[in-house]
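Numbering (my numbering), first residue to last: 82 to 748.
Put into structure tokens, the structure is as follows:
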């Protein structure tokens, strides 16, 4: 297929767009402010659904949009309406954000021309492709999930004009913070241009997360006022600091939503090709958002691949996180791990070495696909999230499950031919309660979302330590601090990649809101001035310990056996008395204590977990010539004393000093 979008040459601009069923397509050219349509020119069919037109004399900076005509029969999935200005699916820059207006959803002949309501694509020459450098991120590292606007909106040390933008991520103080946490890659929640859902503006709310895209390549001008160059420069600055960048992209649906949604781009160009439909013409909704992109269509598949290549070649990103990833693998509506798009991503020369992260579920038939994405996809592991919460909530019978999750969830990911852990372990993410709220709220509190607290998950596996929400009771405040430390310690002690959502390292709260997608305000903006610095210091110490422990960074599955040439098993599971757990202990519903001893050629690391509320004596196995000492400087190194309840401590094996070593003797 010939190149789509606006291609700039010395003589002018070639416009190209695809539609298999439009009878006529025009390009509308606008003045330099994007306000007035100064020309409307018809594209010509080139074959295979491609419509093109070369316009001499146009140059970079030209603002434009498309219009399409054909049958208008929404009940049959046909939405052609020349009054609707349509965004170029291949636009790489737009002149302003998308904004919802009911006229964008008006039926043909009822809403008038929508040009004044739509951003205009800006034709521009792309920068030279970057050198092909390998990703910095490696499985086993720490991914730091960032909502770009919320992350620095309240940061007092960042210039005010830069707060809330992609450029702010390259600020030296932000980089210093990321390095202190040992971040291997930042994962940026969607930074491409999106639109608010239609029910939000009447409530005075807007989509703060960005999971409602219109086009796939153009960055949101509010997040990247400097356009693609801003992303490229930020990625380069982070890379220089040893930090990779992963983009969270949404290919499963668009903001055109259901049959009542706006006509913005794909719907007006070829609705039946770009979106999946039932036999009766109704939109398939395996995403829960109103529509579902037809990722098994060859043209859509190429558009996704072109988008991924665009961000690798022109911004230098390490990789991608795919929202509702099973949609990308649905062929005729059925998930297939060998789907053409998934295979094309894995085998593409530009993309094959990139970091690929999947959210392995959607709400369609057989939509829960945890463990079933093909390697090298890493997968968000919600079983890890839920089981770790259950254990620290105090649920019984969790010791065996805890060990499985700590060891990389072999029950999910250990499959024939797969020797590495593909789990992304996390306890909290953007979707759901924050880490601090997990231990402070037993129930969701989403009243600010305007849906009478009906939205969001009801079962959060959370607890409040005796009082719902904020309290001045110091004993409860202390208990919550200890619980956060225990949750963080468990995360950093886990085999596989770990993920931390920005702010959870210093106690961010959303006041119990577990679905804060519509809160572009202080509910989601990180409170840098009021952060819990003690918790932040502890998280940094955990990160330092993990970086120095090869046994934790190793992404291979544990076997319980020594590696070749070693006498130390890669893992042993012990009780508090220092003996291996027997069958009865593994299945004891009252057991809340466990010791994981990891070993490699460098020695042993013990992770002591006391999930009971009572203090307990722990004993570690000794080796001649070695002794145990704390792996984190704030942990007590004296395990001859009881380990407090609701605590995780780390002990590392060091070679004992030889008698008389370092002494001087006179002759």
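The C-beta atom is built at its ideal place from N, Cα and C for all residues, glycine as well.
With a threshold of 6 Å on Cβ separation, who are the neighbours of residue i within its own chain once the five nearest residues in sequence on each side are excluded?
i	result
residue 92	137
residue 264	223, 225 and 324
residue 634	221
Applying the criterion that 16 or more other CB atoms from any shown protein chain within 10 Å of the CB defines a buried residue, is residue i buried or exposed?
i	result
residue 594	buried
residue 158	buried
residue 201	buried
residue 614	exposed
residue 209	exposed
residue 294	buried
residue 438	buried
residue 395	buried
residue 533	exposed
residue 84	exposed
Output needed for residue i: all residues of its chain with C-beta closer than 7 Å, excluding positions within five of it in sequence on either side, in chain order.
i	result
residue 736	706 and 707
residue 376	332, 382, 385, 408, 409, 411 and 422
residue 300	272, 273, 274, 308, 309 and 312
residue 618	none
residue 198	182, 184 and 185
residue 554	548
residue 456	499 and 503
residue 288	275, 277, 278, 281, 598 and 599
residue 74	Outside the displayed span of the chain (82 to 748) sits residue 74, for which this structure offers no information.
residue 712	626, 686, 731, 732 and 733
residue 100	106, 130, 132, 149, 350 and 351
Using a Cβ-Cβ cutoff of less than 8 Å, which residues in the same chain neighbour residue i once the five nearest sequence positions on both sides are dropped?
i	result
residue 436	216, 218, 266, 325, 327, 399, 400, 401 and 459
residue 745	Summary for residue 745: the model assigns pLDDT 35, below 50, so the residue's position carries little reliability; its value from the coordinates is reported in the next sentence. Closer than 8 Å at the Cβ level, and outside the excluded window around residue 745, lies no residue.
residue 464	451, 486, 490 and 493
residue 591	514, 515, 518, 597, 600, 604 and 605
residue 319	250, 251, 256, 259, 267, 325 and 326
residue 429	386, 389 and 390
residue 193	164, 184 and 187
residue 474	542, 543 and 544
residue 453	416, 418 and 441
residue 742	Model confidence at residue 742 stands at a pLDDT of 39, short of 50, so the residue's coordinates are unreliable; what they give is reported in the following sentence. No residues qualify anywhere along the chain.
residue 700	657, 658, 659 and 720
State the CB to CB distance for the pair residue i and residue j, rounded to an integer number of angstroms; the pair is presumed to be in contact (CB under 8 Å).
i	j	result
residue 122	residue 606	Not a contact, Cβ separation roughly 45 Å.
residue 573	residue 349	No, residue 573 and residue 349 are not in contact; Cβ-Cβ is about 49 Å, not under 8 Å.
residue 466	residue 507	6 Å
residue 727	residue 704	Their Cβ separation, rounded to whole angstroms, is 29 Å, which puts residue 727 and residue 704 out of contact at 8 Å.
residue 568	residue 469	7 Å
residue 356	residue 345	The Cβ separation is near 13 Å, so there is no contact.
residue 329	residue 404	7 Å
residue 527	residue 536	6 Å
residue 204	residue 87	4 Å
Under DSSP, the alpha helix (DSSP H) around residue i begins and ends at which residues?
i	result
residue 135	No alpha helix (DSSP H) contains residue 135, which is instead part of the beta strand (DSSP E) from 131-137.
residue 638	Careful: residue 638 lies outside any alpha helix (DSSP H) and carries neither H nor E.
residue 481	480-487
residue 619	614-628
residue 428	421-428
residue 405	Note, residue 405: premise wrong, no alpha helix (DSSP H); not H, not E.
residue 379	379-396
residue 559	555-573
residue 722	Run containing residue 722: none; DSSP gives neither H nor E here.
residue 316	308-321
So residue i is in the beta strand (DSSP E); what residue range does that whole segment cover?
i	result
residue 341	Residue 341 -> no beta strand (DSSP E), and no H or E assigned at all.
residue 631	Run containing residue 631: none in the beta strand (DSSP E); it sits in the alpha helix (DSSP H), 631-634.
residue 471	Careful: residue 471 lies outside any beta strand (DSSP E), inside the alpha helix (DSSP H) at 463-474.
residue 580	578-582
residue 709	707-711
residue 109	105-111
residue 99	93-99
residue 125	125-128
residue 325	325-330
residue 223	223-227
residue 268	264-269
residue 519	Careful: residue 519 lies outside any beta strand (DSSP E), inside the alpha helix (DSSP H) at 516-519.
How about residue i: is its C-beta nearer than 9 Å to some C-beta of chain B?
i	result
residue 394	In the structure shown, chain B cannot be found, because there is only a single protein chain.
Taking only heavy atoms of the ligand SAH into account, decide whether any of them is closer than 8 Å to the Cβ of residue i.
i	result
residue 624	With respect to small molecules bound, the structure shown includes none, and the ligand SAH cannot be examined in it.
Check whether the segment 161-176 touches the segment 95-113, counting contact only when three or more Cβ pairs, one atom from each stretch, lie closer than 8 Å.
yes
If contact is defined by three or more beta carbon pairs under 8 Å, each pair taking one atom from either stretch, is the segment 282-289 in contact with the segment 253-265?
no
Is the number of C-beta pairs between the segment 657-677 and the segment 504-519 that are closer than 8 Å three or more?
no
Any 3 or more C-beta pairs closer than 8 Å across the segment 688-697 and the segment 669-679
yes
Would you call the segment 101-111 and the segment 124-141 in contact, with 3 or more CB pairs under 8 Å?
Yes, the segment 101-111 is in contact with the segment 124-141.
Does the structure place the segment 138-155 close enough to the segment 241-248 that three or more beta carbon pairs sit under 8 Å?
no
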